[in-house]
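**Student:**
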Amino acid sequence: MNLRYQIRCDLPNKENSRVAVEFLANDLKINLFAYDHEDSLEDKLDQWINLDSTVELPTPFEEVVRDSQHEHLLPEHWKTRDVGKVRQIELNWATLLVRERLLSVYNQEVEHLESTLAQMDSFDRQHFEACKAFWDKFFAFARENHLPRSITDEFKARIDVMFDVLKALRKEDKRKLEIASVEGKKNVLAKIEEAIAKIEEGKTQRNVLFNELKDIHELWKQEKLTKSDRNELKATLDAAFDKVKNSRRDEYMARNSKRIDDLNRIVGGVARALERLQRNAKYHQEALEKTDQVFQMKLHQTKLGMLEEEIAGIVKKKADIEKTLSKLKKQMAKNEPSPSSKESSENKGEGQDDKTKTKPTESVSTKESNSEPTEDVASTNTSVQESSDISQPDED
8 MNLRYQIRCD
18 LPNKENSRVA
28 VEFLANDLKI
38 NLFAYDHEDS
48 LEDKLDQWIN
58 LDSTVELPTP
68 FEEVVRDSQH
78 EHLLPEHWKT
88 RDVGKVRQIE
98 LNWATLLVRE
108 RLLSVYNQEV
118 EHLESTLAQM
128 DSFDRQHFEA
138 CKAFWDKFFA
148 FARENHLPRS
158 ITDEFKARID
168 VMFDVLKALR
178 KEDKRKLEIA
188 SVEGKKNVLA
198 KIEEAIAKIE
208 EGKTQRNVLF
218 NELKDIHELW
228 KQEKLTKSDR
238 NELKATLDAA
248 FDKVKNSRRD
258 EYMARNSKRI
268 DDLNRIVGGV
278 ARALERLQRN
288 AKYHQEALEK
298 TDQVFQMKLH
308 QTKLGMLEEE
318 IAGIVKKKAD
328 IEKTLSKLKK
338 QMAKNEPSPS
348 SKESSENKGE
358 GQDDKTKTKP
368 TESVSTKESN
378 SEPTEDVAST
388 NTSVQESSDI
398 SQPDED
């Protein structure tokens, strides 16, 4: 936008005068210099309009200052011969006023950001986002209004300083967090190991163990931990929850396994007894077929009847035991952990450094909370692009 113009005007007793118009953006004023028309003045005015620093205008015969309170560019008693040009100058002046007022608002906003940052003693993600949002907004404004490079560079430098301060604060916060995480991890891990010892001992009720692990989970959320330490403790805590949850199943499986072993022994004994009775029955049947004595026939028949009755009872008993045994085996197969579950459990036990995705417990979810910021303000870039003279900060 041009800041200097010349127009032709008729002033009282001074027709066809030349008026030099100068915008004073910082003061929000306009200087009007009136001159008599001279050919030599035309060249000087042209050079002055083009901001030639070597040109000095002569003393005008009349000088007027206009500001934002005036509705029109020229005093009422000045009559212009360049009506269209005057309207364009007035439009440019209105645009400049709006731009300067908006710049004043942006300046107040960046001063507020600087003042807030000066009172901070730790990195604040919201303040970082506020600085970034301000730059995005100012970038769009500067591009739309074709701000001079000097204004853009001034705001860019102030934003860069704030990002540098935020970077330093974040680095210090990270150092403090790493120190605190060592003690926090040690504290949480000791409580987890104590709970695991109770689980393996098997003398503490499961609901008591669950409540202890829930308390440890709350402590895990409250402790200041690095992301790696938090994830490591999360995996260990999940494994402990799984131990408690699976202990019921393990007890049930062990009890059923013992019953199956006992029933298998009973079935074996019954089968042997049945085989013995069947041999006896076969003996008496063969003896009955060979004898022709009435007494012997009666004796063998009586013995066969007793054996057949006893065999039928044992067969029925054996069938009932085998039915129960089959039912127990099906229940055992149903509750047997799948190969993938076993593998996951082994991975938890072997080492918590592996980045294995652990199975969430039914009672408590150990989703990450209060984790450290992962974005790095160190790589924030607010350099000016050659194509637009304005840049936008990026966060890696």
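Residues in the sequence shown are numbered consecutively from 8, following our numbering.
Even for Gly, the Cβ is constructed at its ideal location relative to N, Cα and C.
#1: Can you give me the Cβ contacts of Leu10 inside the same chain, cut-off strictly under 6 Å, excluding the 5 residues immediately before and after it?
#2: My parser needs the beta strand (DSSP E) runs of 3 or more residues fully inside the stretch 215-290; what are they?
#3: If we ignore side chains and look at the alpha-carbon of each, how far apart do Glu317 and Glu201 end up?
#4: Measuring only the C-alpha atoms, how far is Asp34 from Arg73?
#5: For a test of the three-state rule: what should DSSP assign to Phe141, helix, strand or coil?
#6: Starting from Val72 and walking both ways along the beta strand (DSSP E), at which residues does that stretch end?
#7: Roughly how many angstroms separate the alpha carbons of Glu219 and Lys205, rounded to a whole number?
#8: Does the contact criterion of 3 or more C-beta pairs under 8 Å hold for the stretch 140-150 versus the stretch 158-174?
#9: Below 8 Å CB to CB, which residues in the same chain sit around Pro380 once its five sequence neighbours on both sides are set aside?
#10: What does a CB cutoff of less than 7 Å around Gly191 pick up in its chain, not counting 5 residues either side in sequence?
#11: I need the DSSP call for Leu18, collapsed to helix, strand or coil.
#12: Are the beta-carbon atoms of Ile14 and Asp89 separated by less than 8 Å?
#13: Shortest alpha-carbon distance to Asn57 belongs to which of Glu136, Ala27 and Leu216?
#14: Any idea which residues DSSP pairs Ile37 with across the strands?
#15: Grab me the residues of Asn271's own chain with a C-beta within less than 8 Å of its C-beta, minus the 5 sequence neighbours each way, in chain order.
#16: Once the 5 residues before and after Thr368 are set aside, which same chain residues still bring their CB inside 8 Å of it?
#17: Is it right to say Asp236 is buried, meaning 16 or more other beta carbons lie within 10 angstroms of its own, or is it exposed?
#18: Count the other CB atoms within 10 Å of the CB of Phe146; is the residue buried (16 or more) or exposed (fewer)?
#19: Take Arg266 and list the residues in its own chain whose beta-carbon comes closer than 7 Å to its own, dropping the five residues that flank it on each side.
#20: Assuming contact is defined by CB atoms lying nearer than 8 Å, are Arg25 and Tyr12 in contact in what I supplied?
#21: Under the DSSP definition of a beta bridge, which residues are partnered with Arg25?
#22: Three-state secondary structure (DSSP) at Lys210?
#23: Just the Cα atoms here: how many angstroms apart are Ile186 and Glu179?
#24: Where does Asn20 land, buried or exposed, given buried means 16+ other C-beta within 10 angstroms?
#25: Just mark Leu52 as buried or exposed, buried being the case when its beta carbon has 16 or more other beta carbons within 10 Å.
**Tutor:** The answer reads as follows:
#1: Phe30
#2: none
#3: Cα to Cα, Glu317 sits roughly 58 Å from Glu201.
#4: 11 Å
#5: helix
#6: Glu69 to Asp74
#7: Glu219 and Lys205 have their C-alpha atoms some 10 Å from each other.
#8: yes
#9: Unreliable placement is indicated for Pro380, whose pLDDT of 42 sits below 50; the coordinate value is still reported in the next sentence. Hits under 8 Å: Phe130, Arg132 and Arg177.
#10: Glu230, Lys231 and Leu232
#11: The answer is strand: DSSP assigns Leu18 an E or B state.
#12: Going by C-beta atoms, Ile14 is nearer than 8 Å to Asp89.
#13: Ala27
#14: Phe30 and Arg73
#15: Leu332
#16: Note that Thr368 scores 39 on pLDDT, short of 50, meaning its location in the model is unreliable; the coordinates nonetheless yield the value given after this. Here the set comprises Asp245, Phe248, Asp249 and Lys252.
#17: Looking at its Cβ environment, which holds 16 or more other Cβ atoms inside 10 Å, Asp236 is buried.
#18: Residue burial is scored here from C-beta neighbours: Phe146 has at least 16 other C-beta atoms within 10 angstroms and is therefore classed as buried.
#19: So the list reads Leu335, once near-sequence residues are dropped.
#20: no
#21: Arg15 and Tyr42
#22: coil
#23: 11 Å
#24: exposed
#25: buried
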